[in-house]
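> Numbering (the numbering used here), first residue to last: 86 to 269.
This is the structure:
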């Protein structure tokens, strides 16, 4: 679903390029890299994930999945990093990020990068975020009551429900991520 209808109608009035992102989000990072590679000027809005800004009604009116990134180009809203990258490369073709002739190759690369996100999220939460953010049961339930994305809520409950993800789950994610990076 590349382009979506915003719940926040004021987004349709925005001029220029606007990106809602989080510093450590790999999905947001690849959009920022694309914008830099294309030398495009954009207005950034940092969403503070540790403060649960992605669970606010205001942000979920921008991205109903409550994830980063969200991107607006002159009133057009996109909320998936692969869709944003594809959109940017089509709308702003110079310099092109596509291989000459074989767009299927590019789609395969984007699909592989997108598939890796589940494991990157698990590993990031375990090794980067756990030391910085411990939530009480009440905070988890408050987050769950305000967030529209049940997959993310379930992930957060599992993450906060123990001192560590099961070793087998972490090892499998490391192995898949290693294989993904070798392919990329």
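Don't be surprised by glycine CBs; every beta carbon is placed ideally from N, CA and C.
Because the structure is a prediction, the values reported are computed rather than measured.
1. Check this for me: beta carbons of residue 272 and residue 138, under 7 Å apart or not?
2. For the beta strand (DSSP E) that residue 130 lies in, which residues bound it at each end?
3. Mind listing, in chain order, the continuous alpha helix (DSSP H) runs of no fewer than 4 residues lying wholly within the segment 149–195?
4. So if DSSP puts residue 105 in a beta bridge, which residue, or which two residues, is it bridged to?
5. Looking only at C-alpha atoms, which of 106, 220, 265 sits nearest to residue 169?
6. Would the beta-carbon of residue 236 be found less than 6 Å away from any heavy atom of the ligand MG?
7. How would you call residue 166, buried or exposed, if buried means at least 16 neighbouring beta carbons within 10 angstroms?
8. Spatial neighbours of residue 208 within its chain, please: C-beta separation below 8 Å, excluding the five flanking residues on both sides.
9. If distances are taken between C-alpha atoms only, which option among 162, 219, 179, 201 comes closest to residue 112?
10. Could you check where the alpha helix (DSSP H) with residue 93 kicks off and where it finishes?
11. If the criterion is Cβ atoms closer than 7 Å, does the pair residue 26 and residue 229 meet it?
12. Taking DSSP's pairing of strands, which residues face residue 88 in a bridge?
13. According to DSSP, is residue 250 part of a helix, a strand, or is it coil?
14. Given a cut-off of 7 Å on the beta-carbon distance, is the pair residue 232 and residue 151 in contact?
Looking at the atomic coordinates:
1. No answer is possible for residue 272: it lies beyond the span of the chain, which begins at 86 and ends at 269.
2. 128–131
3. 166–176
4. 130, 155
5. 106
6. You won't find the ligand MG in this model; it holds no ligand whatsoever.
7. buried
8. 255, 258, 259, 262
9. 201
10. Run containing residue 93: none; DSSP gives neither H nor E here.
11. There is simply no residue 26 to check, as the chain begins at 86 and stops at 269 in what is shown.
12. 163
13. coil
14. yes
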